[in-house]
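Novice: Residue numbers (the numbering used here), protein chains in the order written: chain A, 786 to 1276; chain B, 786 to 1276. Before I ask anything, let me first share the structure, which is written out below as structure tokens.
Number of protein chains: 2
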Amino acid sequence: MSKEITPRQQDYAQWYNDLIIKSGLADYSAVRGCMVIKPYGFALWERMRDELDRMFKDTGHQNAYFPLFIPKSFLSREAAHVEGFAKECAVVTHYRLKNDPGGAGVIVDPEAKLEEELIVRPTSETIIWNAYKDWIKSYRDLPLLINQWANVVRWEMRTRLFLRTSEFLWQEGHTAHATAPEAEAEARQMLAVYADFAERYMALPVVRGVKSPAERFAGAVDTYCIEALMQDGKALQAGTSHFLGQNFAKAFDVQFLTRENKLEHVWATSWGVSTRLVGALVMAHSDDEGLVLPPLLAPLQVVIVPIWKGAEQKALIDAKADEISAELKKAGIRVKYDDSDNVRPGWKFAEYEMKGVPVRIALGARDLEQNVAEVARRDTREKMSLSLDNLAARIKDLLDDIQQQIYRAASTYREEHITPADDFDTFRKILDEKGGFVSAHWDGTAETETRIKELTKATIRCIPLDNPPEEGKCILSGKPSRERVLFARAY
Amino acid sequence: MSKEITPRQQDYAQWYNDLIIKSGLADYSAVRGCMVIKPYGFALWERMRDELDRMFKDTGHQNAYFPLFIPKSFLSREAAHVEGFAKECAVVTHYRLKNDPGGAGVIVDPEAKLEEELIVRPTSETIIWNAYKDWIKSYRDLPLLINQWANVVRWEMRTRLFLRTSEFLWQEGHTAHATAPEAEAEARQMLAVYADFAERYMALPVVRGVKSPAERFAGAVDTYCIEALMQDGKALQAGTSHFLGQNFAKAFDVQFLTRENKLEHVWATSWGVSTRLVGALVMAHSDDEGLVLPPLLAPLQVVIVPIWKGAEQKALIDAKADEISAELKKAGIRVKYDDSDNVRPGWKFAEYEMKGVPVRIALGARDLEQNVAEVARRDTREKMSLSLDNLAARIKDLLDDIQQQIYRAASTYREEHITPADDFDTFRKILDEKGGFVSAHWDGTAETETRIKELTKATIRCIPLDNPPEEGKCILSGKPSRERVLFARAY
Ligand SMILES: [Zn+2]
Ligand SMILES: [Zn+2]
């Protein structure tokens, strides 16, 4: 393991890239803009996915699967959707290859041209609402609470592993309701699920808020979001939940018979999080030595490394390590004993620090004599000598403590980086020198929002849900404002 | 629930289609050849996927994720692969849409043409082996045991829900090994995993075999397969596992340093099963009343239906049903209490028969007085009166019994439908009148195989792995043969 990660202070973007690749989370692929999620990265995503899936099911949702392809004409059905949605899509125009008569492999068969082009889904509202038209007839069919785990494609020229790739994995919930308040409540409930997941599992404090009209999802009436802060002071949108009103129901003519036997259009939500969360997790907690993973999501929670001279010592340590492994496994802890003999213990220490394994147990011959082990925690890099008696319980406590400590550290950083600004010079200075969220008055117009973005590269991340009302003046226009909003430069 | 399924005797293909749609497993979509997997169908697939995933992990495999797109030129790298592999692929030629200047929605932006077309993966050997080139340097990197759960696309003109669709979901294992015997053993191990899954979970007896050269996967040295028999006497390939030799390693130049410090090409396997298994499950066990699902995979194992008159009875039954539900859930049984009041009990009975719920418990006021419930099993449609005392244990036994009974019924049918034939007239007669597998001598040539297919539409399903050697004469050519092979008409 050569620990050649660029330090964060030197180049944060390069640090992130080095880290993702050297820790084995992901790599670039032969296809521009698409990444390979390697086994370690996928194991992390699997843990996130499984917890989220459980939370979705606990709130009454079912999974389903809709086609990868969307007929091009569907995208034009909802006016705001097609206007606002990025048009950088992968377009399928042909359905057959044939052997090149010249012998140069295969070529596209020009005779196999599709009558209507198919778009590789960038999001699935249109194809799903087209199906819902057949599924929803009466109020008894509502609410319809469906989620899909899928890959989606949005063509990207400038990509960044996990954070922005042409193909990514995500889940998209698409629900249908009889009334507006029910759909609103669903959109807010799913935002709460995302926030809970981010904070409890990812150890990532988030601001719950609603987007300004300009930052809304194309086709939404309201877009709720959770916003997190990265160590370089930039914000990252970690999840969104949209109240879609009747827009898609009207575009696809989905009506239902009410209890009173009247035909009405259905109310909708959609909500999603993606493999971007892996990037957020890495950026929020890791350091110059490698990943720092919260124990609840770490694919491996504990690694045991033997330190030995000669076969006799090795045999003794092996026996003890197996005993400890069994004890930890029984306690539900994900543990690995790494007794590979082709690298030295110091190399292994560095390797597992790079991979962010929360706890390392080093076992040497002298430790065994004293019935102790040297235990190191990844987050603070503290070392302690722990008795081997009742070790599983101690390790379990330690893992809990690490989970909380990682959250606390991120929370402290976040709290220190929400800064109020009451004039534009201060606003700009905070963005340039300190970073983080800036809490400021805004006059509520898209013009001002755009102008601030042009001048500072900062966008309105959200209007926090728990915002206290406060009379004030817009930092740019000086016009009256009734609450502060959060600005930041963002990923 | 209108039980309008076409009977099997009348039209087996229509029965299957009716059943899939009316039981809510899947439906057609707006995209030709692509289906929507509805929540009930997806819940079934999820249970299959989770069991398989556990089995893959238990045999040392890890999941990863590779790009959806494959550069067109990759397909030509392995000669047999491109020659033999179906060229009915979805081809991405452009990466952007734009607003139609004429106002008719969106059009493909002709300026956004890809330099090299991308193929939506029909299978991932090429893109994965291109990545393995960077991952594998030394014998210490081997074996590499990776699986991917993904969607794939193979353009189909004539589709059938679950059995043949343009897009389907599957898993594809791709492993790399230092030696040929290790790779061979892996290919056989994964075949054993598939067979075990089919028989223990799907209650589907399968023949384990190896394909004739003509039926091999394009690029494989040997293709192992499991073959199942459907109720109409046609065979269905339920899974394949390929020993790929060094073909892909050579095509993508993947070499490793051996222990002896020599450079050698890596040995490979790939193996996969897909949502086709859902179709096989349905076809193998279901009847004219609806689905028959093996309890181990049924999304819902027990449904409780109340039969009441008036609120007073209802309250008593509700209380008892909640008690029973809690008891069953505690025993790990997936149970639902359906006390909806908009349809009659008889309608519910038919509905849950259609959905193949293995056990139905009807609870009436008189039952409660006598401390019994009327329990009906879906597979044999037998009814029995069971005491409410210790009901969970009785239901658990019943579910076990149903699982075994479904397997036994399918096995009996399968055993009755493996028929030897020693001359071509008999061979043809069995295929036409009885169906099933025909065990016959074949001279080992592709010419004879093709001719038999032309004459009878039957293909060699496999050469069974446990085949006893037997001297004989080819049923078509009369040339000498040393073992029988299994022919059948197939899905
Ligand atoms: Zn309408
Ligand atoms: Zn080579």
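Even glycine gets a Cβ: it sits at the ideal position worked out from N, Cα and C. The model shown is predicted, which means the values in this text are computed figures rather than measured ones.
(1) Would you mind reading off the limits of the alpha helix (DSSP H) that contains residue 966 of chain B?
(2) Please identify, using Cβ separations under 9 Å, the residues of the segment 870-884 of chain B that lie next to chain A, in order along the chain.
(3) Please list, in chain order, the chain A residues whose beta carbon lies closer than 7 Å to that of residue 940 of chain B.
(4) Within 10 Å of its beta-carbon, does residue 1164 of chain B have 16 or more other beta-carbons around it, so buried, or fewer, so exposed?
(5) Compare the Cα-Cα distances from residue 1141 of chain A to each of A:845, A:1051 and A:1079 and report the closest residue.
(6) Any idea what DSSP makes of residue 1107 of chain A, helix, strand or coil?
(7) Can we count residue 1191 of chain B as close to ligand 4, meaning its CB is less than 7 Å from some heavy atom?
(8) Quick test of your reading: residue 957 of chain A and residue 933 of chain A, contact by CB under 8 Å. State the CB separation rounded to the nearest angstrom.
(9) Could you tell me the alpha carbon to alpha carbon distance between residue 1006 of chain A and residue 1250 of chain A, rounded to whole angstroms?
(10) Anything in chain B within Cβ reach of residue 1086 of chain A, meaning under 9 Å, just list it in chain order.
(11) Within 10 angstroms of the Cβ of residue 1065 of chain A, are there 16 or more other Cβ atoms? Answer buried if so, exposed if not.
(12) Please classify residue 1167 of chain B: is it buried, with 16 or more other beta-carbons within 10 angstroms of its beta-carbon, or exposed?
(13) With a Cβ-Cβ cutoff of 8 Å, do residue 1206 of chain A and residue 1225 of chain A count as a contact?
(14) Once the 5 residues before and after residue 954 of chain A are set aside, which same chain residues still bring their CB inside 6 Å of it?
(15) Alpha carbon to alpha carbon, how far is residue 1062 of chain A from residue 817 of chain A? Give it in angstroms, no decimals.
(16) Determine whether the beta carbon atoms of residue 847 of chain B and residue 976 of chain B lie at a separation below 8 Å.
(17) With 7 Å as the limit, tell me which residues of the segment 1016-1046 of chain A have their beta carbon closer than that to any beta carbon of chain B; keep them in chain order.
(18) Which bits of chain A does residue 819 of chain B rub up against, with CB to CB less than 8 Å?
(19) Just verifying my parser: in three-state terms, what is the DSSP assignment at residue 866 of chain B?
(20) Tell me the residue span of the alpha helix (DSSP H) that contains residue 1233 of chain A.
(21) At the 8 Å Cβ level, is residue 861 of chain B part of the contact set with chain A, yes or no?
(22) Measuring CB atoms only, is the segment 886-893 of chain B touching the segment 1035-1048 of chain B, in the sense that at least three cross pairs come out at less than 8 Å?
(23) Is there a Cβ of chain A sitting closer than 8 Å to that of residue 827 of chain B, yes or no?
(24) Determine the chain A residues that contact residue 857 of chain B at a beta-carbon separation under 9 Å, and present them in chain order.
(25) What does a CB cutoff of less than 7 Å around residue 787 of chain B pick up in its chain, not counting 5 residues either side in sequence?
(26) Can you find at least 3 beta carbon pairs, one from the segment 1095-1106 of chain A and one from the segment 1067-1074 of chain A, that sit closer than 8 Å?
(27) Please go through the segment 886-941 of chain A and give each complete beta strand (DSSP E) segment of 3 or more residues, from N-terminal end onward.
(28) Quick check on residue 847 of chain B - is its C-beta less than 8 Å from some C-beta in chain A?
(29) Could you tell me which of A:981, A:1026 and A:1087 sits nearest to residue 1002 of chain A, measuring between CA atoms?
(30) Pull up the distance between the alpha-carbon of residue 854 of chain A and that of residue 854 of chain B, whole angstroms please.
(31) May I ask you to report which of helix, strand or coil DSSP gives residue 1072 of chain B?
(32) In terms of alpha-carbon separation, which member of A:903, A:863, A:928 and A:1214 lies closest to residue 876 of chain A?
(33) Pick helix, strand or coil for residue 1080 of chain A, following the three-state DSSP scheme.
(34) Alpha carbon to alpha carbon, how far is residue 1010 of chain B from residue 952 of chain B? Give it in angstroms, no decimals.
(35) Considering only the alpha carbon of each residue, which of B:1118, B:806, B:1143 and B:1144 lies closest to residue 920 of chain A?
(36) Tell me the residue span of the beta strand (DSSP E) that contains residue 1276 of chain A.
Specialist: A quick look at the data gives this:
(1) Looking up residue 966 of chain B in the second sequence gives position 181. From DSSP, the alpha helix (DSSP H) with residue 966 of chain B extends over 965-985.
(2) Look at the segment 870-884 of chain B: the residues with a C-beta under 9 Å from a C-beta of chain A are 872, 873, 874, 875, 876, 877, 878, 879, 880, 881, 882, 883 and 884.
(3) Counted from its first residue, the second sequence places residue 940 of chain B at position 155. Those are 880 and 881, listed as they occur along chain A.
(4) Here residue 1164 of chain B corresponds to residue number 379 of the second sequence, with the count starting at 1. By the 10 Å Cβ count, residue 1164 of chain B comes out buried.
(5) The residue you call residue 1141 of chain A lines up with position 356 of the first sequence. For residue 1141 of chain A, the nearest C-alpha among the options comes from A:1079.
(6) As a working note, residue 1107 of chain A is residue 322 in the first sequence. Reduced to three states, the DSSP call for residue 1107 of chain A is helix.
(7) For the structure depicted, ligand 4 is absent and the ligand set comprises only ligand 1 and ligand 2.
(8) In the first sequence, residue 957 of chain A corresponds to position 172, counting from 1. In the first sequence, residue 933 of chain A corresponds to position 148, counting from 1. Rounded, the Cβ-Cβ distance is 5 Å, consistent with contact.
(9) Walking along the first sequence from the start, residue 1006 of chain A turns up at place 221. Walking along the first sequence from the start, residue 1250 of chain A turns up at place 465. Cα to Cα, the separation comes out at about 16 Å.
(10) Here the question's residue 1086 of chain A lines up with position 301 in the first sequence. The contacting residues do not exist; residue 1086 of chain A stays about 17 Å from chain B at best.
(11) Mapped onto the first sequence, residue 1065 of chain A falls at position 280. Result: buried.
(12) Here the question's residue 1167 of chain B lines up with position 382 in the second sequence. By the 10 Å Cβ count, residue 1167 of chain B comes out exposed.
(13) If you number the first sequence from 1, residue 1206 of chain A lands on position 421. If you number the first sequence from 1, residue 1225 of chain A lands on position 440. In this structure, residue 1206 of chain A places its C-beta atom within 8 Å of the C-beta atom of residue 1225 of chain A.
(14) Position 169 of the first sequence, counted from the first residue, corresponds to residue 954 of chain A. The residues are 936 and 1060.
(15) On the first sequence, position 32 is the one that residue 817 of chain A refers to. On the first sequence, position 277 is the one that residue 1062 of chain A refers to. Cα-Cα distance, rounded: 21 Å.
(16) What you label residue 847 of chain B is simply residue 62 of the second sequence in a count that begins at 1. What you label residue 976 of chain B is simply residue 191 of the second sequence in a count that begins at 1. Not in contact: residue 847 of chain B and residue 976 of chain B (Cβ atoms no closer than 8 Å).
(17) none
(18) Along the second sequence, one-based indexing puts residue 819 of chain B at 34. Those within 8 Å of residue 819 of chain B in chain A are 852, 853 and 854.
(19) The count along the second sequence starts at 1 and reaches residue 866 of chain B at position 81. Note: residue 866 of chain B maps to helix in three-state DSSP.
(20) Position 448 of the first sequence, counted from the first residue, corresponds to residue 1233 of chain A. Unbroken alpha helix (DSSP H) run through residue 1233 of chain A: 1231-1241.
(21) Taking the first residue of the second sequence as position 1, residue 861 of chain B is located at position 76. Residue 861 of chain B counts as touching chain A.
(22) Verdict: no, contact absent.
(23) Against the second sequence, residue 827 of chain B aligns to sequence position 42. At least one chain A Cβ lies under 8 Å of residue 827 of chain B.
(24) Position 72 of the second sequence, counted from the first residue, corresponds to residue 857 of chain B. The contacting residues are 882, 890, 891, 892 and 893.
(25) What you label residue 787 of chain B is simply residue 2 of the second sequence in a count that begins at 1. With a pLDDT of 49 at residue 787 of chain B, under the threshold of 50, the predicted position of this residue should be treated as unreliable, though the coordinate-derived value follows. So no residue of the chain qualifies.
(26) no
(27) 891-893, 898-905 and 929-938
(28) Locating residue 847 of chain B in the second sequence gives position 62, where the first residue counts as 1. Interface residue (Cβ-Cβ distance to chain A less than 8 Å): residue 847 of chain B is classified as such.
(29) One-based indexing of the first sequence puts residue 1002 of chain A at position 217. When only C-alpha atoms are compared, the closest one is A:1026.
(30) Position 69 of the first sequence, counted from the start, is the residue given in the question as residue 854 of chain A. Position 69 of the second sequence, counted from the start, is the residue given in the question as residue 854 of chain B. Note on geometry: alpha-carbon atoms of residue 854 of chain A and residue 854 of chain B lie some 14 Å from one another.
(31) As a first step, residue 1072 of chain B must be located in the second sequence, where it is residue number 287. If DSSP states are grouped into helix, strand and coil, residue 1072 of chain B belongs with the strands.
(32) In the first sequence, counting from the first residue as 1, residue 876 of chain A sits at position 91. Nearest C-alpha to residue 876 of chain A: A:903.
(33) Residue mapping note: residue 1080 of chain A aligns to position 295 of the first sequence, counting from 1. Residue state, collapsed to three classes: coil.
(34) Along the second sequence, one-based indexing puts residue 952 of chain B at 167. Along the second sequence, one-based indexing puts residue 1010 of chain B at 225. Cα-Cα distance, rounded: 22 Å.
(35) Start at 1 with the first residue of the first sequence, and residue 920 of chain A comes out as number 135. Per the Cα distances, B:806.
(36) For the purposes of this step, residue 1276 of chain A is taken as the residue at position 491 of the first sequence. Residue 1276 of chain A: not part of any beta strand (DSSP E); DSSP gives it neither H nor E.
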